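Protein sequence lines correspond, in order, to chains Z and W. Numbered continuously in the numbering used here, the first sequence closes out at residue 261. Numbered continuously in the numbering used here, the second sequence closes out at residue 1261. Ideal Cβ placement from N, Cα and C applies to all residues, glycine included. Since this is a predicted model, take the numbers as computed values, not measurements.
2 protein chains.
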Amino acid sequence: MDGSPGAYSPHEARALFRDGLRTPTAGWCTGRTQANLIAVPRDYAYEVLLFAQRNPKPCPVLDVSEPGATSTTVFDGDLRTDLPAYRVYVDGKYADEVDDVREHWRDDLVAFLIGCSFTFEDALAAAGVPIRHVEQGRNVPMYRTDRACRSAGDLAGPLVVSMRPVAPDLVATAVRVTSRYPAVHGAPVHVGDPSALGIDDLDRPDFGDPVEIPDGELPVFWACGVTPQAAVMASRPPLAICHAPGHMAITDGHDTELVVP
Amino acid sequence: MDGSPGAYSPHEARALFRDGLRTPTAGWCTGRTQANLIAVPRDYAYEVLLFAQRNPKPCPVLDVSEPGATSTTVFDGDLRTDLPAYRVYVDGKYADEVDDVREHWRDDLVAFLIGCSFTFEDALAAAGVPIRHVEQGRNVPMYRTDRACRSAGDLAGPLVVSMRPVAPDLVATAVRVTSRYPAVHGAPVHVGDPSALGIDDLDRPDFGDPVEIPDGELPVFWACGVTPQAAVMASRPPLAICHAPGHMAITDGHDTELVVP
Chain Z
1 MDGSPGAYSP HEARALFRDG LRTPTAGWCT GRTQANLIAV PRDYAYEVLL FAQRNPKPCP
61 VLDVSEPGAT STTVFDGDLR TDLPAYRVYV DGKYADEVDD VREHWRDDLV AFLIGCSFTF
121 EDALAAAGVP IRHVEQGRNV PMYRTDRACR SAGDLAGPLV VSMRPVAPDL VATAVRVTSR
181 YPAVHGAPVH VGDPSALGID DLDRPDFGDP VEIPDGELPV FWACGVTPQA AVMASRPPLA
241 ICHAPGHMAI TDGHDTELVV P
Chain W
1001 MDGSPGAYSP HEARALFRDG LRTPTAGWCT GRTQANLIAV PRDYAYEVLL FAQRNPKPCP
1061 VLDVSEPGAT STTVFDGDLR TDLPAYRVYV DGKYADEVDD VREHWRDDLV AFLIGCSFTF
1121 EDALAAAGVP IRHVEQGRNV PMYRTDRACR SAGDLAGPLV VSMRPVAPDL VATAVRVTSR
1181 YPAVHGAPVH VGDPSALGID DLDRPDFGDP VEIPDGELPV FWACGVTPQA AVMASRPPLA
1241 ICHAPGHMAI TDGHDTELVV P
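And the structure:
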C-alpha cells in the first residue's frame, strides 16, 4: 500500500478491497462514513426497515438498496466485492467468512447500510475524549442488556450496547458531541451503572473485547449496531449477508453530513 | 366545550372527536404532538416506509401500526374514530370525507403517523417568530417544487414545501429553532428565492391559502408532509385513509420529546 489508509478515497479503498486486500477499516478514508451491511431477501425487508424505524438509536439506516442492486446512492461501488470481508448466514446461522459474495448474491436481496460508531468515535477524539479501546488496541466491548427493543413482526431482541470509559469531567462533552450524530447511535443510553442495564460483569462482554477502565472513569453506554444484526439472525432468514466485524462498507458519504446542528 | 382546546388531554380530545366534534386541531392539547395519518394496505407499506427513509425531511415517520391495528404506541386511541375528520381515497382518487372510517377499515391496513408542522410552529412562536398565516387566519401555503424526491418502487413525486414569511433578522432564529426538530421537517430547505425551487407565483399555492408577505420579510420554505401523501396517491393504492387537512391525529407524545440537542 502507498500512503496512509486515511488518505485513500472511498473509490481507491474499495478497489484495493475488491483486489483482495483484507483489513479492518478503522482509520481508512478519513472523514468518509463507514457503515454496517445487512442484506436480506426482499420478503424480510419490510420488517428490517420497520425494526429500524422503531429502534432508531441502535439501528440508524443510512441507505437501502433496490432489490438485487449491487450499489446504493451512498455506496458507488459493488456491494458484493468492495468490502474487505463478509459473513454469510444461512437460516440465521453463521455459514462462512469470505472476501467476495458474488456466488451468494441473489436478485431479491435488499442491502441495508447502517450507521457505525467509527463516525462518532472520530468526533469524540476530535473533541478531546480519549477512545480507550483504541488506545488499548482492542475491539469495543459490547453487551446484551435487559432492555427489549420494540419488535417488528418476527424481529425482536434485546438492546445491545457498546461501552467506552469516559472521565467524569468529559462525560458532558461526550454526550454533547454524540447527541449531534443521531444517524450513528446518538447520545448515550446510559452513564455509569452497568447493573441498571442488566450487565453483570463489564469484564465479560457478549461481543468484542474487555477494555480496561482507567481509575475514576465512568462506563458510558451507547446503542450498538449489533442490535439489529442479532435480531435479524434470530428471525432466521434463509440468507443474510453482512460485513465481517470491523470490516465495514466505506461509503461516499461524509461524516460531516450526519451532524445535526 | 368546556375550557380552552389547549387544555384538553389527548384522551379527552379524542373522546370529543369520537363523539362527533369536527374541528381543525390547531391549538388543541398544548405541547402534545399532532400527526398526519396515512393508512395503506400492507402490500404498499414497504414502499411507503422506504420512501420515508429516503426522504426524511418531507416524510418524518413518528410511528407505524401493526397491520389492522387501530392504535399505535404513540396513539392510545382508536385510529378509525378519534380524529375529527378523515379523507378516504380509492385507487388514489379522493372518494369521501367522513368523521368515522370504521366501515372502510381493513385488517391489512398499516397506519403511518407522520410529523406535522404544528410542532415546529409552536416552537417558532415561542422563540418570537410570528406565524403570519395564523395571524391572517389562513392555512399555510404549500407549493410543488421542481425538486424530485428519491423514489421508492412506484412511489415518486416532487418535493412539496410550505412557506412562511420571516423577517430578515429572525431568519437565523427560525433556522436554528426548526433544525432542532428533524422529526417534524427540520431546517428550511430554502430561504428567499421561490424561482430557485421552480415556484412561479407565491400568490398561487398548489395547496392551502396564499399568505400576505409583510414588507421586507423573506419567504422561507420547509419540506411539507403533503409530499408523501401526494406520492402515495399517485401510486394508486386500492385504499388509503388519511386525516382531513388540518384535522390531525392528536398523539400522546410530547413535542419536547422531538427536540434534538
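Is the separation between the beta-carbon of residue 1089 of chain W and that of residue 1242 of chain W shorter than 8 Å?
Going by C-beta atoms, residue 1089 of chain W is nearer than 8 Å to residue 1242 of chain W.
Can you find a C-beta in chain W that's less than 8 Å from the C-beta of residue 45 of chain Z?
Residue 45 of chain Z counts as touching chain W.
Name the DSSP bridge partner or partners of residue 241 of chain Z?
According to DSSP, residue 241 of chain Z bridges with Z:39, Z:88.
Applying a beta-carbon distance threshold of less than 7 Å, which residues of chain Z neighbour residue 1136 of chain W?
The premise fails here: residue 1136 of chain W is roughly 30 Å from chain Z at the closest Cβ pair, so nothing lies under 7 Å.
If we require 4 or more residues per run, which alpha helix (DSSP H) segments fall completely within the region 1158-1223 of chain W?
Counting only runs of 4 or more, we get 1171-1179.
Applying a beta-carbon distance threshold of less than 9 Å, which residues of chain Z neighbour residue 1168 of chain W?
Those do not exist, as residue 1168 of chain W stays about 20 Å from chain Z at its closest Cβ, beyond 9 Å.
Taking Cβ positions, are residue 203 of chain Z and residue 210 of chain Z nearer each other than 8 Å?
Yes.
For residue 1064 of chain W, go through chain B and note every residue whose CB falls closer than 9 Å to its CB, in chain order.
This model lacks chain B altogether, as its protein chains are Z and W.
Check whether the Cβ atoms of residue 146 of chain Z and residue 208 of chain Z sit closer than 8 Å, and answer yes or no.
Their beta carbons are not under 8 Å apart, which means residue 146 of chain Z does not touch residue 208 of chain Z by this criterion.
Which of helix, strand or coil does DSSP assign to residue 1136 of chain W?
It is coil, neither helix nor strand.
Rounded to whole angstroms, what's the CA-CA distance from residue 29 of chain Z to residue 35 of chain Z? Just pull it up for me.
For residue 29 of chain Z and residue 35 of chain Z, the distance between alpha carbons rounds to 13 Å.
With 8 Å set as the bound, which would you pick, yes or no: does the beta-carbon of residue 1088 of chain W sit closer than that to a beta-carbon of chain Z?
Cβ-Cβ to chain Z under 8 Å: no for residue 1088 of chain W.
For residue 1140 of chain W, I'd like the list of residues in its chain whose CB is within less than 6 Å of its CB, leaving aside the five on either flank, ordered along the chain.
Correct list, in chain order: 1133, 1162, 1208.
Return the CA-CA distance between residue 1054 of chain W and residue 63 of chain Z, expressed in angstroms with no decimal places.
Rounded to whole angstroms, residue 1054 of chain W to residue 63 of chain Z spans 7 Å at the Cα level.
So what does DSSP say about residue 22 of chain Z, is it helix, strand or coil?
Residue state, collapsed to three classes: coil.
Where DSSP assigns a beta bridge to residue 1076 of chain W, which residues make up the other side?
Looking at the DSSP assignment, residue 1076 of chain W forms no beta bridge with any residue, so it has no partner.
Using a Cβ-Cβ cutoff of less than 8 Å, which residues in the same chain neighbour residue 246 of chain Z once the five nearest sequence positions on both sides are dropped?
Excluding sequence neighbours, residue 246 of chain Z sits near 24, 25, 26, 139.
Give a yes or no on whether the C-beta atoms belonging to residue 37 of chain Z and residue 113 of chain Z are separated by under 8 Å.
Yes, these two residues count as a Cβ contact at 8 Å.
For the beta strand (DSSP E) that contains residue 1097 of chain W, what are its first and last residues?
Start and end: 1093-1098.
Residue 181 of chain Z and residue 119 of chain Z look like a contact to me (Cβ under 8 Å); what is the Cβ gap, rounded to whole Å?
Sure, about 6 Å apart at Cβ, within 8 Å.
Which stretch, first to last residue, makes up the alpha helix (DSSP H) that contains residue 226 of chain Z?
It spans 226-234 - the alpha helix (DSSP H) in which residue 226 of chain Z sits, taken as one unbroken run.
So with CB distances below 8 Å, who are the chain Z contacts of residue 1061 of chain W?
Those are 53, listed as they occur along chain Z.
So is residue 239 of chain Z buried or exposed if we call it buried at 16+ other beta carbons inside 10 Å?
It is buried - the Cβ of residue 239 of chain Z has at least 16 other Cβ atoms within 10 Å.
Which one of W:1015, W:1047, W:1073 has the shortest CA to CA distance from residue 151 of chain Z?
That would be W:1073, whose Cα lies nearest to the Cα of residue 151 of chain Z.
Does the Cβ of residue 78 of chain Z lie closer than 7 Å to at least one heavy atom of the ligand GDP?
In the structure on display, the ligand GDP does not appear, and there are no ligands present to speak of.
Beta-carbon within less than 7 Å of residue 230 of chain Z's beta-carbon, same chain only, minus the 5 sequence neighbours each way: which residues are those?
Correct list, in chain order: 157, 160.
Of the residues W:1144, W:1049, W:1259, W:1021, which one's Cα is nearest the Cα of residue 955 of chain W?
Coverage of chain W is limited to positions 1001 through 1261, which leaves residue 955 of chain W absent and any answer about it impossible.
By Cβ distance below 7 Å, which residues in the same chain neighbour residue 1095 of chain W in space, the five residues on each side in sequence not counted?
Cβ within range, chain order: 1088, 1089.
Is the beta carbon of residue 1192 of chain W less than 8 Å from the beta carbon of residue 1219 of chain W?
Cβ distance < 8 Å, so residue 1192 of chain W and residue 1219 of chain W count as in contact.
Thinking C-alpha only, which one of Z:91, Z:92, Z:65, Z:4 is nearest residue 80 of chain Z?
Of the listed residues, the one whose Cα sits closest to residue 80 of chain Z is Z:65.
If you follow the alpha helix (DSSP H) that residue 119 of chain Z is part of, which residue opens it and which one closes it?
Note, residue 119 of chain Z: alpha helix (DSSP H), 118-126.
Verify whether the separation of the beta carbon atoms of residue 85 of chain Z and residue 99 of chain Z is less than 8 Å.
Cβ distance < 8 Å, so residue 85 of chain Z and residue 99 of chain Z count as in contact.
At a Cβ threshold of 8 Å, is residue 182 of chain Z touching chain W?
At least one chain W Cβ lies under 8 Å of residue 182 of chain Z.
So what does DSSP say about residue 1111 of chain W, is it helix, strand or coil?
Three-state result, residue 1111 of chain W: strand.
So is residue 97 of chain Z buried or exposed if we call it buried at 16+ other beta carbons inside 10 Å?
That one is exposed.
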